[in-house]
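Below you'll find the structure, written out as structure tokens, and then a few comments.
Residue numbers (the numbering used here): 7 to 115.
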């Protein structure tokens with residue numbers, strides 16, 4: 007998900023212009039959900055969700071919603087993913103930090 011950001015820089019936090027109630031909830035960062043100011047790190051959060059989807063096959067739409075909801079709300083993967091792909095799980099956790107200041111910039115990875 008690419009958001010309509012204005013005057014945002016890759017390293018700084020200038021005044022952010024943002025849209026409200028735009029995007030798919032499962033991919034929205036906490037700051038978007040709670041309608042706080044945000045920057046380009048919302049895309050890093052969405053990337054974490056997308057990477058999990060790509061690395062962990064999900065059989066049904068309901069399973070997808072359950073797994074992604076657990077990841078978003080509790081920062082929990084299912085047991086097989088964490089055991090089979092520990093490096094990837096840690097990387098995704100980094101991308102999904104609830105505090106955007108703890109999320110990386112794209113140039114950091």
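Each residue gets a CB set at the ideal place from its N, CA and C atoms; glycine is no exception.
Beta-carbon contacts of residue i that lie in its chain and below 7 Å, excluding the five residues immediately before and after
i, result
"residue 91", "61"
"residue 88", "95"
Residues near residue i in its chain [Cβ-Cβ closer than 6 Å; skip 5 each side]
i, result
"residue 103", "109"
"residue 47", "106 and 109"
"residue 35", "48 and 51"
"residue 76", "82"
"residue 32", "74"
Beta-carbon proximity list for residue i, same chain, < 8 Å, skipping 5 on both sides
i, result
"residue 2", "Because the chain here runs from 7 to 115, residue 2 falls outside it and cannot be looked at."
"residue 115", "97"
"residue 59", "70 and 74"
8 Å contact criterion, which residue i and residue j should meet: CB distance rounded
i, j, result
"residue 67", "residue 101", "About 23 Å; that fails the 8 Å criterion."
Residue-level contact to chain C via CB, residue i, 9 Å cutoff
i, result
"residue 82", "The structure shown contains no chain C, having only a single protein chain."
Buried/exposed call for residue i, threshold 16 Cβ in 10 Å
i, result
"residue 80", "exposed"
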